[in-house]
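Student: Have a look at this one.
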Amino acid sequence: MPLAASDNIRHFGKGQTEVTLELPPGKHTLQLVLGDWIHLPHSPPVMSEKITITVKK
């Protein structure tokens, strides 16, 4: 099933190398998942390690 773009899922189909995210204060976990041209994750999955960030007020 394709991963639809949403507030929690961002698509980088133009080859972006950076993004500015507007996140509320608190802890957030981020991870990149590589998908194909129809937004299906590759099998086996190609993904980054998860990182946790804390947004302060």
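In the working numbering, the protein residues as written are 2 to 58.
Each residue gets a CB set at the ideal place from its N, CA and C atoms; glycine is no exception.
CB Q32 to CB E50, shorter than 9 angstroms?
Tutor: Here residue 32 is taken as the residue at index 31 of the sequence shown, counted from 1. Here residue 50 is taken as the residue at index 49 of the sequence shown, counted from 1. Yes; because the gap between Cβ atoms is below 9 angstroms, this pair is in contact.
Student: Considering only their Cβ atoms, is the gap separating V56 from P25 smaller than 9 angstroms?
Tutor: In the sequence shown, residue 25 corresponds to position 24, counting from 1. In the sequence shown, residue 56 corresponds to position 55, counting from 1. For P25 and V56, yes; Cβs fall inside 9 angstroms.
Student: V56 by DSSP, collapsed to three states: which one?
Tutor: What you label residue 56 is simply residue 55 of the sequence shown in a count that begins at 1. Residue state, collapsed to three classes: strand.
Student: Grouping DSSP H, G and I as helix and E and B as strand, with all else coil, what is H12?
Tutor: Numbered from 1 along the sequence shown, position 11 holds the residue referred to as residue 12. The answer is coil: DSSP assigns H12 none of H, G, I, E or B.
Student: Could you compute how far the alpha carbon of T53 sits from the alpha carbon of G27?
Tutor: Indexing the sequence shown from 1 puts residue 53 at position 52. Indexing the sequence shown from 1 puts residue 27 at position 26. Answer to the nearest angstrom: the Cα atoms are 10 angstroms apart.
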